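Some notes on the structure that comes next.
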Amino acid sequence: MKDEILCNFWRRYLQKSQQAYCNRPAGEAIKVLSGCDSSTDVDSEPERPSLLHLLSLSESDGDLLTDCSFGSSIGKVSESTSVCSGSVDGSLHLMKNQKDKLRMSMPVTLSFCYLALLWLREPMTLSDLLRFVVEGHIPYLNVFQCFPEKMKLYGLDLKIFCVESWPVYEEVYNKMLQLAAFLELPRFPDITDSCFLHPDMLCMKYLMEANLPDELHNWTCRVVKKIHIGEADFLTFEPGNKSTRKVKYDVLAAAVIVVVLKLLFLLDDHYEWLLSDFAEERNKNNKEDGPYFEFKKWCKVIKSSLDVEQKKLDEERAKYLWRCEKPLFYSAKKKSKVLKRRQIVVNLQNQFGKLSGSVQPAEKPNPSSFQLNWSEENTDGSCFHGHSLKGILQEKCGLLTAINPDYWLCTVKLCTEKLCGHLAHYRELDFPQSYHFVLRLFSFLLRIQPSYIHEEVLSTPRTPHPASCATVTAKSSCCFSFARLLFFELHFISSDNFII
Amino acid sequence: MDSLMERAAPCSAAQAGSALLPALHLPLLPPHLYRPATSHEHKLNFRKSKEACLTYIQDAMLQKQWKRAAEFLTFYIESLEKDFSTEYMGPSEMIWRIGTEILCHHSYSSMKDFNSFIEQMKTLGVKRYLKVCLEHAFHLLCNGQTDEAYQNLSLAESWRFGEQTTAQDKELKLIQAYRGLLDYYSWSKQKNVLLEYDKEGFEDLSVEQEMHSSFRKAAVNLKEIIQIPGVWDVFVKCYVDLLEFYGDHDEARQVLSEYAYNSKFPANPNAHVYFYQFLKRHGEPKKSLISVLKILHDIVPSHELMIDFNTMLQKSKKRKKRRLGLEVIFAALDYAGWKENVKAWSCLARQVKQIIISEKHLDWIKQEWNSRKGWWPAFHFSRYLAKRNWQENESLAYEKALVAGILLGKDCKYFKYVSHQGCKDQKKRLRTLKKFVNKHSPVYLRISGLSDSSVQT
Numbered sequence: 001m002k003d004e005i006l007c008n009f010w011r012r013y014l015q016k017s018q019q020a021y022c023n024r025p026a027g028e029a030i031k032v033l034s035g036c037d038s039s040t041d042v043d044s045e046p047e048r049p050s051l052l053h054l055l056s057l058s059e060s061d062g063d064l065l066t067d068c069s070f071g072s073s074i075g076k077v078s079e080s081t082s083v084c085s086g087s088v089d090g091s092l093h094l095m096k097n098q099k100d101k102l103r104m105s106m107p108v109t110l111s112f113c114y115l116a117l118l119w120l121r122e123p124m125t126l127s128d129l130l131r132f133v134v135e136g137h138i139p140y141l142n143v144f145q146c147f148p149e150k151m152k153l154y155g156l157d158l159k160i161f162c163v164e165s166w167p168v169y170e171e172v173y174n175k176m177l178q179l180a181a182f183l184e185l186p187r188f189p190d191i192t193d194s195c196f197l198h199p200d201m202l203c204m205k206y207l208m209e210a211n212l213p214d215e216l217h218n219w220t221c222r223v224v225k226k227i228h229i230g231e232a233d234f235l236t237f238e239p240g241n242k243s244t245r246k247v248k249y250d251v252l253a254a255a256v257i258v259v260v261l262k263l264l265f266l267l268d269d270h271y272e273w274l275l276s277d278f279a280e281e282r283n284k285n286n287k288e289d290g291p292y293f294e295f296k297k298w299c300k301v302i303k304s305s306l307d308v309e310q311k312k313l314d315e316e317r318a319k320y321l322w323r324c325e326k327p328l329f330y331s332a333k334k335k336s337k338v339l340k341r342r343q344i345v346v347n348l349q350n351q352f353g354k355l356s357g358s359v360q361p362a363e364k365p366n367p368s369s370f371q372l373n374w375s376e377e378n379t380d381g382s383c384f385h386g387h388s389l390k391g392i393l394q395e396k397c398g399l400l401t402a403i404n405p406d407y408w409l410c411t412v413k414l415c416t417e418k419l420c421g422h423l424a425h426y427r428e429l430d431f432p433q434s435y436h437f438v439l440r441l442f443s444f445l446l447r448i449q450p451s452y453i454h455e456e457v458l459s460t461p462r463t464p465h466p467a468s469c470a471t472v473t474a475k476s477s478c479c480f481s482f483a484r485l486l487f488f489e490l491h492f493i494s495s496d497n498f499i500i
Numbered sequence: 501m502d503s504l505m506e507r508a509a510p511c512s513a514a515q516a517g518s519a520l521l522p523a524l525h526l527p528l529l530p531p532h533l534y535r536p537a538t539s540h541e542h543k544l545n546f547r548k549s550k551e552a553c554l555t556y557i558q559d560a561m562l563q564k565q566w567k568r569a570a571e572f573l574t575f576y577i578e579s580l581e582k583d584f585s586t587e588y589m590g591p592s593e594m595i596w597r598i599g600t601e602i603l604c605h606h607s608y609s610s611m612k613d614f615n616s617f618i619e620q621m622k623t624l625g626v627k628r629y630l631k632v633c634l635e636h637a638f639h640l641l642c643n644g645q646t647d648e649a650y651q652n653l654s655l656a657e658s659w660r661f662g663e664q665t666t667a668q669d670k671e672l673k674l675i676q677a678y679r680g681l682l683d684y685y686s687w688s689k690q691k692n693v694l695l696e697y698d699k700e701g702f703e704d705l706s707v708e709q710e711m712h713s714s715f716r717k718a719a720v721n722l723k724e725i726i727q728i729p730g731v732w733d734v735f736v737k738c739y740v741d742l743l744e745f746y747g748d749h750d751e752a753r754q755v756l757s758e759y760a761y762n763s764k765f766p767a768n769p770n771a772h773v774y775f776y777q778f779l780k781r782h783g784e785p786k787k788s789l790i791s792v793l794k795i796l797h798d799i800v801p802s803h804e805l806m807i808d809f810n811t812m813l814q815k816s817k818k819r820k821k822r823r824l825g826l827e828v829i830f831a832a833l834d835y836a837g838w839k840e841n842v843k844a845w846s847c848l849a850r851q852v853k854q855i856i857i858s859e860k861h862l863d864w865i866k867q868e869w870n871s872r873k874g875w876w877p878a879f880h881f882s883r884y885l886a887k888r889n890w891q892e893n894e895s896l897a898y899e900k901a902l903v904a905g906i907l908l909g910k911d912c913k914y915f916k917y918v919s920h921q922g923c924k925d926q927k928k929r930l931r932t933l934k935k936f937v938n939k940h941s942p943v944y945l946r947i948s949g950l951s952d953s954s955v956q957t
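From first to last, the protein sequence lines are chains A and B.
Letter 99 of the first sequence, counting from 1, is numbered 99 in the working numbering, and no numbers are missing.
Each number in the working numbering corresponds to the 1-based position in the second sequence with 500 added.
Spelled out as structure tokens, the structure:
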């Protein structure tokens with residue numbers, strides 16, 4: 001059934017872009033390649049789906065084995081097609097005017113995949129998807145290895161299928177939006193509380209991964225509820241409706257966590273250390289009850305693992321292999337040259353591989369949705385999940401609130417979206433170190449730039465909702481102003497959302 | 501980030517950020533370039549990936565971690581499949597150079613590995629073919645495999661590839677020259693063999709013939725390269741040796757004087773040295789020797805031949821030459837490398853003594869001393885040096901003390917210390933030295949210009 005969804009999307013795309021499934025495929029008249037008849041009409045319909053290998057999802061542990069290979073057909077009807085012309089419409093494809101049509105490219109295939117995932121409300125965010133692609137669990141880099149034998153890539157196909165850069169989150173996301181609008185898709189299935197993509201669930205996941213206390217989850221839920229981002233109407237993707245805000249679920253969840261941390265700890269390079277010192281004092285004196293959460297200690301632990309992981313990642317980036325055993329070549333003339341080169345490369349790799357003395361790891365580790373793992377069984381006390389937030393909370397009118405009364409807004413001059421597509425430019429120097437550290441942590445987990453999370457954090461208080469707020473739009477360009485916002489004074493009206 | 505950990509004291513106002521690398525605020529620089537790109541970029545493309553790989557390789561090589569360098573090189577190699585030819589040094593050249601370094605130093609690599617690697621490198625870049633061959637030959641020579649080197653060079657010499665042959669003309673000439681050098685080497689081996697045989701009364705025509713043919717081959721190639729302006733010390737020496745053996749002195753002389761005096765050739769002190777040595781070997785008159793060495797003195801005042809030069813000049817009858825001699829020896833001793841050279845000091849001492857005893861030309865010494873009296877005392881005649889020289893080398897101390905006594909007077913630190921030590925140890929010659937200096941102490945006054953009137957002693 002899941003295959004059907006992607007297949008349907010694909011068929012719809014082809015129909016919309018008039019490449020098939022319609023009466024007059026565009027561009028027929030100008031096709032002069034290889035002297036084959038203009039027969040890419042209704043006859044070819046049955047051929048196209050047969051060439052698609054589709055998603056087969058195994059839901060059990062979120063693993064994904066994808067075999068997306070989108071190709072133009074070469075196993076053509078016409079016998080007069082010469083074998084070496086490559087895909088018949090490869091050049092046509094590239095020549096097409098892409099102003100109003102979405103041209104198919106490798107990142108767009110990922111957009112397709114994500115659309116399908118979103119439709120099915122699978123427990124995989126876009127950042128997870130892209131991470132799996134980079135780690136090689138999803139064929140993307142050298143996807144032509146998975147093509148059937150008779151499909152050979154030549155000439156201009158290379159431009160399409162030869163991938164030379166990692167997919168970028170923003171690009172894939174924007175293409176997805178365009179694609180959804182182009183395909184005129186209806187409103188997607190609702191995203192409710194029990195969905196993985198709901199901020200509550202995602203926050204839980206990220207809190208675990210970031211080694212933060214479980215109690216913070218209550219706070220994230222409160223914030224989500226307060227600013228009404230937990231509602232199905234807000235979260236569900238509606239391509240046709242231009243006025244709804246498009247939600248990046250993973251970035252949103254990360255932003256919520258950052259907001260909560262700001263609420264509780266202020267993150268101005270001063271207050272959080274004070275709180276941390278108090279907690280440390282208390283922990284020293286009182287060993288029987290559970291430990292209080294110490295920000296300083298958490299920073300240390302996270303920093304060391306983050307540095308290790310970052311270093312590993314940097315080395316992986318340097319060691320990334322872009323080519324595979326099956327070489328690509330532009331034409332038959334170049335084939336021998338390319339093959340010879342490949343042979344030399346393989347020989348050299350063997351020679352130096354022996355010298356480096358390292359044994360190539362036999363299999364890749366299985367894909368997992370968690371990058372950092374913390375377990376309570378470790379006796380070195382590096383897991384903070386069970387720590388309590390008591391040290392920073394106080395009772396007020398029978399409710400728990402944070403000791404910290406303040407919350408800062410960034411009042412550095414904002415940019416306009418029209419100018420460069422970004423809400424604000426993030427410069428490390430302008431913000432407190434602790435804030436930057438937290439952003440850095442989440443930017444590593446999601447593999448996106450810290451500025452995206454920062455933008456999301458900025459826009460969170462501005463989520464428009466009729467009843468709530470004094471949205472504070474800051475126009476001054478001075479660095480900070482401490483604002484006591486009505487909307488964040490934590491006298492929550494309903495009391496059913498907290499656990500002491 | 502460490503500053504983050506240390507912060508505990510409350511600050512009065514929230515300070516945004518801490519001391520980070522200051523951002524660059526150049527006028528036309530776009531904002532996102534203010535800070536250097538960190539590795540927290542999450543984008544990656546082929547080119548950036550390979551650049552990063554290259555930095556890792558460089559780091560590993562600088563730290564002599566050959567295994568790690570080899571590991572990263574394995575990942576870099578696939579950039580051969582995409583040669584960015586716009587860059588100054590493309591991937592294939594990088595790989596050749598890096599690979600050579602690693603294979604030279606890695607403990608597990610053998611010559612066989614190296615040879616097979618180089619063969620592959622030769623096929624990779626036709627524009628570099630001869631260069632690779634030449635460096636391969638050097639490497640083989642460094643490892644003592646002269647025969648293989650010879651074979652390689654011969655093979656390279658016969659390589660033809662259309663336009664490339666003329667484009668790589670320089671390398672070809674070098675290859676021919678080095679092959680000539682190896683011919684010379686085999687010639688000299690054969691010559692020694694023949695000499696051995698001679699001693700024992702054998703004769704061996706075949707070896708002799710081989711020798712002559714090596715000579716011919718070598719001579720042709722060496723002559724070729726020497727004609728091109730450049731620094732060819734090794735080749736010139738070998739060629740001259742060949743010519744001398746076969747008695748062609750005129751040709752040898754011609755070659756050497758060309759090498760030394762032709763203005764097209766870069767200035768090369770060794771050229772003059774070779775010429776001088778040749779002339780000396782053939783008993784040329786002093787005049788020509790002196791003229792050659794004069795040029796050498798102008799180029800390299802601190803050359804070791806300056807001692808010979810000075811000796812020759814001192815013995816000369818002409819006043820000008822003796823004056824020059826003094827100049828030469830003073831100039832030589834200006835250099836730190838000569839500070840402890842006994843011979844140089846003895847030359848100077850002898851000449852100074854001679855001048856003083858003859859009581860003529862004191863103004864020469866005065867002139868030479870004028871520019872040096874400000875710094876020579878600290879440079880050569882300090883008390884510390886006196887002690888050290890006396891401990892290490894008494895003759896050095898003696899010569900220096902004589903000079904010091906004359907130039908700085910008998911009250912100078914150096915002279916006093918040495919003469920005191922000498923008299924303590926009852927060295928006879930130091931007593932004579934003391935007497936001499938005391939006798940001629942007014943000279944010091946005249947030299948240093950303390951007294952205006954010239955005192956006749």
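Note that beta-carbon positions come from the ideal geometry of N, C-alpha and C, so glycine has one too.
What you are looking at is a predicted structure, and each value in this text was computed from that prediction instead of being measured.
task = Would you list the residues sitting across from B:N545 in a DSSP beta bridge?
result = A:S165
message = When you compare the CB positions of A:L129 and A:C113, do they come within less than 8 Å of one another, or not?
response = yes
task = List the residues of chain A whose Cβ lies closer than 8 Å to the Cβ of B:Q664, in chain order.
result = Going along chain A, no residue has its Cβ under 8 Å from B:Q664, so there is no contact; the nearest lies around 17 Å.
query = Could you give the residue range of the alpha helix (DSSP H) that holds B:P769?
reply = P769 to R781
task = Verify the contact flag: A:R222, CB atom, against every heavy atom of the ligand GTP, threshold strictly below 7 Å.
result = This structure simply doesn't include the ligand GTP, nor any ligand for that matter.
key: C-alpha distance - B:I947 paired with B:L779, whole-angstrom precision   = 39 Å
inquiry  = Can you confirm whether B:N545, when its beta carbon is compared against all beta carbons of chain A, has any partner nearer than 8 Å?
reply    = yes
ask   = Listed from N- to C-terminal order along the chain, which residues in the region 114 to 142 of chain A have their beta-carbon within a distance smaller than 7 Å of any beta-carbon of chain B?
value = none
task = List the residues of chain B whose Cβ lies closer than 8 Å to the Cβ of A:Y502, in chain order.
result = Nothing about residue 502 of chain A can be reported from this structure: the residues present for chain A run from 1 to 500 only.
request  = Kindly list the residues whose CB is nearer than 6 Å to the CB of A:F196, restricted to its own chain and excluding five residues on each side of it in sequence; keep chain order.
outcome  = P123
request  = Could you tell me the boundaries of the alpha helix (DSSP H) in which A:M208 lies?
outcome  = P199 to E209
request  = Rounded to whole angstroms, what's the CA-CA distance from A:L118 to A:K334? Just pull it up for me.
outcome  = 43 Å
message = If contacts are defined as beta-carbon pairs under 8 Å, then A:F9 and A:A116 qualify, I think. What distance do you get, rounded to the angstrom?
response = 6 Å
ask   = With which residues is A:S388 paired in a DSSP beta bridge?
value = A:Y292
ask   = What did DSSP end up calling B:F830 once you bin it into helix, strand or coil?
value = helix
query = What does a CB cutoff of less than 7 Å around B:L681 pick up in its chain, not counting 5 residues either side in sequence?
reply = V734, F735 and C738
message = In the DSSP assignment, the alpha helix (DSSP H) including A:K225 goes from what residue to what residue?
response = L216 to K226
request  = Could you tell me the distance, in whole angstroms, from the CA atom of B:L554 to the CA atom of B:L573?
outcome  = 8 Å
query = For B:S763, is the classification buried or exposed, using 16 other Cβ atoms within 10 angstroms of its Cβ as the cut-off for buried?
reply = exposed
query = Between which two residues does the alpha helix (DSSP H) carrying A:F234 extend?
reply = A232 to L235
Which of helix, strand or coil DSSP assigns to A:W408 = strand
request  = Please classify B:Y496: is it buried, with 16 or more other beta-carbons within 10 angstroms of its beta-carbon, or exposed?
outcome  = This structure cannot settle anything about residue 496 of chain B, because the visible part of chain B is limited to 501 through 957.
query = So, does the CB of A:N211 fall closer than 8 Å to a CB anywhere in chain B?
reply = no
ask   = First and last residue of the alpha helix (DSSP H) that includes B:N810?
value = M806 to K815
request  = Could you tell me whether the Cβ atoms of A:Y206 and A:L372 are closer together than 8 Å?
outcome  = no
key: Spatial distance of A:T220 from A:M208 (CA atoms)   = 13 Å
inquiry  = Out of B:Y917, B:I577 and B:I795, which one is the CA nearest neighbour of B:R883?
reply    = B:Y917
message = On a Cα-Cα basis, can you pick out the residue from A:W166, A:M106 and A:G230 that is closest to A:T192?
response = A:G230
ask   = Exposed or buried, what is B:V720 when buried is set at 16 or more other beta-carbons lying within 10 Å of its beta-carbon?
value = exposed
key: Inter-residue spacing [alpha-carbon to alpha-carbon] between A:Y169 and A:W408   = 28 Å
request  = Would you check if the distance between the CB atom of B:F575 and the CB atom of A:K319 is smaller than 8 Å?
outcome  = yes
message = Can you find the residues in the same chain that come closer than 7 Å, C-beta to C-beta, to B:N938, ignoring five residues on each side of it along the sequence?
response = K910
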